[in-house]
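With numbering that gives the first Met the number 0, you'll find the sequence shown wraps up at 362, consecutive numbering, no jumps.
By construction, the Cβ of each residue, glycine as well, lies at the ideal position given by its N, Cα and C atoms.
Notes to accompany the following structure.
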Amino acid sequence: MPPPPSLIDMAAALISATLLLLPRAAHSFAPPTTSLCYGSKISQHHHLHQIKHKQSSYTTSLHLYNKFHEYAWEKLHYNDESSDVSTVPDNLKSNKSPVKGSDNNVVACIRSMSDFRNSDATSNSNVEALRLARSAFLETQTASSEAFESPMAIHVLNFVMFPQTQIRDASSGANVGLPIFGADIVSLPGNKHLVALDFQPVLPINNEDESSAKLFPEQYSHLETKLLAIHAKYQKESDDETEPFLAWGGDIPPQALRWFSPYALWTRLSDENAIQTVSTTVWDAYREYVDLYFELMNAVQTDLDDGKLEIGSSGEESNPVLSGQREYLEYRRINDPARPMLQRLYGKDWAEDLIDGVLFPTV
Numbered sequence: 000m001p002p003p004p005s006l007i008d009m010a011a012a013l014i015s016a017t018l019l020l021l022p023r024a025a026h027s028f029a030p031p032t033t034s035l036c037y038g039s040k041i042s043q044h045h046h047l048h049q050i051k052h053k054q055s056s057y058t059t060s061l062h063l064y065n066k067f068h069e070y071a072w073e074k075l076h077y078n079d080e081s082s083d084v085s086t087v088p089d090n091l092k093s094n095k096s097p098v099k100g101s102d103n104n105v106v107a108c109i110r111s112m113s114d115f116r117n118s119d120a121t122s123n124s125n126v127e128a129l130r131l132a133r134s135a136f137l138e139t140q141t142a143s144s145e146a147f148e149s150p151m152a153i154h155v156l157n158f159v160m161f162p163q164t165q166i167r168d169a170s171s172g173a174n175v176g177l178p179i180f181g182a183d184i185v186s187l188p189g190n191k192h193l194v195a196l197d198f199q200p201v202l203p204i205n206n207e208d209e210s211s212a213k214l215f216p217e218q219y220s221h222l223e224t225k226l227l228a229i230h231a232k233y234q235k236e237s238d239d240e241t242e243p244f245l246a247w248g249g250d251i252p253p254q255a256l257r258w259f260s261p262y263a264l265w266t267r268l269s270d271e272n273a274i275q276t277v278s279t280t281v282w283d284a285y286r287e288y289v290d291l292y293f294e295l296m297n298a299v300q301t302d303l304d305d306g307k308l309e310i311g312s313s314g315e316e317s318n319p320v321l322s323g324q325r326e327y328l329e330y331r332r333i334n335d336p337a338r339p340m341l342q343r344l345y346g347k348d349w350a351e352d353l354i355d356g357v358l359f360p361t362v
């Protein structure tokens, strides 16, 4: 019997089913010369220690996934207008593609940053716990740039944060393996919605037992206990008939388990209340996952500043954490289920430059 489909396989199948609804990019296609993304009003100060767990101003269902997108970037104090922060080439920052038979467009907004320090930071360290944060946000918009909410619309958020690969224990010299934060929230034509939130392991773990998974280094085990509780709060097991509300999205085959933790929140929604569930239950879960990841990164940053952790040489090829992130990036570059949709919407060259150079760049 063949293995059950992975999240990537299922996402690819849904995306493939939408391709006939999408326009094919013209051979002479060129991205716009000005940004199509919503202007950020976020402070330019972006030191990691200044991240606060605050209420987001994005509380309505208008712009379905924009509130998800902005919530995390607010915590990074990102500013769209600050050219010294963004690591995205100008030609990849935004794009749009017309929706067949309407005045709507599928708009892409791309963000990436790798410098999380404030210019007047008081930290004793010259490094940060985070290495890279980047997102791809696609939204079907009307001619007036409002989100078009419909069972036939495309709304996609892929948001990932990568920790530093060279962090090690100052006493033992042992490499410290920190998980990657990954969020995929996808709505596709046909009222099909996929949600995957996870602290993705870069080092192999025991994926069968939450109690012995040890995804976090021992000194942060109390935060892993919090993650276990958050996961249990939202993820319904296959035999649960009561709360929590988000049903398990299906089995993950062995070949894909390497990149998922026991705390992966994975669900598929397709009922008449799907968009409402995304805007409420998924929204709540997303914020709790994001907040906890920042809590972990702040704890790591404090230990770096206090000298309990240090940064090793960037040339350590024997570093298993560096190898793990490289393997993850290569896996995602090869298996990205959004590739056919991005190529169809925005052209092959733009899509490949985005995937290889921004979403999953070599480290």
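What three-state label does DSSP hand residue i in the structure shown?
i    : result
N123 : Confidence at N123 is low in this model, with a pLDDT of 43, below 50, so its placement is unreliable and no value can be given for it.
P319 : helix
I229 : helix
F115 : coil
A152 : coil
A362 : In the sequence on display, residue 362 carries Val and not Ala. The answer is coil: DSSP assigns V362 none of H, G, I, E or B.
Q234 : strand
F147 : coil
N174 : strand
S85  : strand
N78  : coil
F215 : coil
S93  : strand
Would you give the residue range spanned by the beta strand (DSSP E) that residue i belongs to?
i    : result
V105 : N104 to M112
A132 : L129 to Q140
F198 : K191 to Q199
G100 : Segment: none, G100 is in no beta strand (DSSP E) and carries neither H nor E.
D183 : I179 to L187
I166 : I166 to D168
I'd like the span of the alpha helix (DSSP H) that includes residue i, first residue to last.
i    : result
E388 : Any property of residue 388 remains undetermined from this structure, which presents the chain solely from 0 to 362.
M340 : R338 to Y345
H68  : N65 to K74
Here's the rule: buried if 16 or more other CB atoms are within 10 angstroms of the residue's CB, otherwise exposed. What is residue i?
i    : result
A105 : The sequence shown places Val at residue 105, not Ala. Label assigned to V105: buried.
T164 : buried
E271 : exposed
G181 : buried
E329 : exposed
L353 : buried
H221 : exposed
G176 : buried
S278 : buried
G323 : buried
E217 : exposed
E73  : buried
P3   : Unreliable positioning characterises P3 in this predicted model, as indicated by a pLDDT of 38, which lies under 50. A coordinate reading is not provided.
P203 : exposed
D348 : exposed
I333 : exposed
Can you tell which of the options has its C-alpha closest to the C-alpha of residue i?
i    : options                   : result
H230 : L291, L341, Y64 and R338  : L291
Y327 : K66, V159, H192 and D114  : V159
H154 : E223, A337 and Y262       : A337
A195 : D102, Q218, R267 and G356 : R267
G346 : H76, L75 and K95          : K95
N361 : Q342, F161 and T301       : Checking the sequence shown, residue 361 turns out to be Thr, not Asn. The shortest C-alpha separation from T361 is found at F161.
E127 : D114, S134 and R133       : D114
S101 : F147, L303 and N272       : F147
Y233 : R286, N190 and D355       : R286
R343 : A142, P253, P97 and Q218  : P97
K66  : L91, D283 and L227        : D283
P385 : L187, D348, L226 and V320 : Any question about residue 385 goes unanswered here, given that the chain covers just 0 to 362.
L214 : I251, G356, R257 and W72  : R257
V357 : Y64, P88, V201 and L264   : P88
L91  : L264, A107, T139 and P150 : A107
A228 : A263, A273, N103 and L137 : A263
D304 : D168, Q140 and S93        : D168
I166 : S186, Q300 and M151       : Q300
M340 : N318, V320, A298 and L137 : L137
T141 : T86, N103, S317 and M112  : N103
H68  : R130, V185, S149 and T86  : V185
Y70  : A246, K235, V289 and R130 : V289
A152 : A246, L63, G249 and N318  : L63
*Where are the beta strand (DSSP E) runs, 3 residues long or more, that stay fully inside the region 243-284, in chain order?*
264-268
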